[in-house]
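Chemist: Please see the structure below; I have some questions.
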Amino acid sequence: MEADDLLCLKCAGDEKPTLTDEPKSPPLDPSVSAATQCKTTAKADIVLLVDGSWSIGRQNFKTVRNFIARMVSVFDIGPDRVQIGLAQYSGDPKTEWHLNAHHTKESLLNAVANLPYKGGNTMTGMALNFILQNNFKPYAGLRPDSRKISVLITDGKSQD
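Residues in the sequence shown are numbered from 1 upward in steps of one, following the UniProt record's numbering.
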């Protein structure tokens, strides 16, 4: 087993990481990680910030989509549990969906499967400011009693 075959997930409200030895490109199916469910009553609002720049490339972007699907699959998705929003960035950040857009895991996984690849420059700093100003807000589904979490997915080559 190679290191990139392992997916380390930290459940909201749980301090123990969960390792899975799943295939590199599993199908985007909510039952894929049924054995690796995050069992917690914690409420979390998670905004994924995804690098969609040219340096990622179309093939790697498919890998990013699969990673997101695997990560999403372990959470109890819903308005009273974990909500996941997503913004994609390159030269200009864009909210793909707000925290409260998907109330079921199936709906969220469908959105992940259909996430388009943007292309463009890599403006990570601008994108981080964007999600603070636009995605971590009550109108975007942020709940006052939830943990606020952001996950940056990038190749690390920022132009700002």
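Even for Gly, the Cβ is constructed at its ideal location relative to N, Cα and C.
Tell me the DSSP secondary structure of THR41 in three-state form.
Modeler: Note: THR41 maps to coil in three-state DSSP.
Chemist: Reducing DSSP to helix, strand and coil, say where LEU48 ends up.
Modeler: DSSP places LEU48 in strand when its eight states are reduced to three.
Chemist: Can you tell me whether DSSP reads LEU132 as helix, strand or coil?
Modeler: Correct three-state label for LEU132: helix.
Chemist: Going by C-alpha distance, which of ASP51, LYS157, GLY85 is nearest SER107?
Modeler: Checking every option, the nearest Cα to that of SER107 belongs to GLY85.
Chemist: From this set, ALA140, LEU142, THR154, which residue's C-alpha is nearest THR124's C-alpha?
Modeler: For THR124, the nearest C-alpha among the options comes from THR154.
Chemist: Which residues in the same chain as GLN159 place their Cβ atom closer than 7 Å to its Cβ, once the five residues preceding and following it in sequence are excluded?
Modeler: Once the five neighbours on either side are set aside, the close Cβ partners of GLN159 are ASN121, THR122, MET123.
Chemist: GLY85 bridges to which residues according to DSSP?
Modeler: The partner list for GLY85 (beta bridge, DSSP) reads VAL47.
Chemist: Do you know how far the Cα of VAL112 is from the Cα of PRO23?
Modeler: Any reading at PRO23 must be qualified, since the residue scores a pLDDT of 45, below 50, and its modelled position is unreliable; no value is offered.
Chemist: Counting along the chain, where does the beta strand (DSSP E) carrying residue 171 start and finish?
Modeler: Outside the modelled stretch of the chain, which goes from 1 to 160, sits residue 171, for which no answer is possible.
Chemist: Let me confirm a value: LEU132 is counted as buried when at least 16 other C-beta atoms fall within 10 Å, else exposed. Which label applies?
Modeler: When all chains shown are included, LEU132 counts as exposed.
Chemist: Going straight from the alpha carbon of LEU142 to that of GLN59, what length do you get?
Modeler: If you take the alpha carbons of LEU142 and GLN59, they lie about 32 Å apart.
Chemist: I think VAL47 touches PHE136, with their Cβ atoms under 8 Å apart; what is that distance to the nearest whole Å?
Modeler: Correct: roughly 7 Å between the Cβ atoms.
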